[in-house]
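Numbering (numbering that gives the first Met the number 0), first residue to last: 0 to 119.
Beta carbons: idealized from backbone N, C-alpha and C, even for Gly.
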Amino acid sequence: MEIWINPDCSKCRSALSVLDAESADYTVRRYLDDPPSEQELRDVLGRLGLEPWDITRTGESVAAGLGLDGWPRDASNRERWIAALAAHPALIQRPIITADDGSAIVGRTEDAVRSVLPDR
C-alpha cells in the first residue's frame, strides 16, 4: 500500500495515524517532493474511478492562476487536467491511498482509510 501525503496536512497525518494504529504495511510518498507522472495519475484515477477534476484542489492559489474554474470538465479536456496536476502537484487532493488489492481511495476520513485495510 502506498499513501501520497503532504506532511503539513492534518488529514494526511490523521490517515497515517490510522494506518499506524492498525499496523498497516505502507510506503509514504511525499508527492510534492516526488510528483506523480501523468501516467501515474491516469492509473490512480482509474483505480479511484474518478476524473482529474474530482481530485483537484480548486481552492489553491495555483488553481486560480491557471483559471481552473473555467476549464471544461469533459473527456476532451481530461488530458489538460492531468497535465496540470502533474505540473502542479499541490493541486492533488490528499491523502491518496493505493491498496495492494488494486483499489484506491482519497483518505480524508478514518472510515475511508480503514476501507482499504486488508481484513485481519
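Beta carbon of E1, beta carbon of T108: below 8 Å? Along the sequence shown, read from residue 1 onward, the residue named residue 1 stands at position 2. Along the sequence shown, read from residue 1 onward, the residue named residue 108 stands at position 109. No, these two residues do not count as a Cβ contact at 8 Å.
Mind checking whether A103 and I95 have CB atoms under 8 Å apart? The residue you call residue 103 lines up with position 104 of the sequence shown. The residue you call residue 95 lines up with position 96 of the sequence shown. It is a contact, given that the beta carbons lie within the stated cut-off.
Determine which residues share a DSSP beta bridge with V105 and list them. If you number the sequence shown from 1, residue 105 lands on position 106. Partner(s): I95.
In the region 12 to 96, which residue ranges form an unbroken beta strand (DSSP E) of at least 3 residues, counting only runs that do not cross its ends? If we require 3 residues or more, the beta strand (DSSP E) runs fully inside the region 12 to 96 come out as 26 to 29.
Counting Cβ pairs, one atom from each stretch, are 3 or more of them under 8 Å apart for the region 110 to 118 and the region 25 to 44? Contact between the region 110 to 118 and the region 25 to 44 is absent: fewer than 3 CB-CB pairs across the two stretches fall below 8 Å.
Have a look at A63 and I54 and give me their C-alpha separation to the nearest angstrom. Within the sequence shown, the letter at position 64 stands for residue 63. Within the sequence shown, the letter at position 55 stands for residue 54. Rounded to the nearest angstrom, the two C-alpha atoms are 16 Å apart.
Spatial neighbours of A85 in its chain, beta-carbon cut-off 7 Å, leaving aside the 5 residues before and after: Translated into positions along the sequence shown, residue 85 becomes position 86. If we look at A85 and ignore the five residues flanking it on each side, its Cβ neighbours are P34, P35, S36, E37 and L40.
Selection from L31, S22, E59 and G58 that minimises the alpha carbon distance to W3: Working through the sequence shown from its first residue, we reach residue 3 at position 4. The residue with the shortest Cα to Cα distance from W3 is L31.
Nearest neighbour of L44, chosen from G66, G101 and P117 [CA to CA]: Locating residue 44 in the sequence shown gives position 45, counting from the first residue. Minimum Cα distance to L44 is reached at G101.
Residue from K10, A20, P51 and S13 with nearest C-alpha to R72: As a position in the sequence shown, residue 72 is number 73, starting the count at 1. Of the candidates K10, A20, P51 and S13, the one whose C-alpha sits nearest the C-alpha of R72 is P51.
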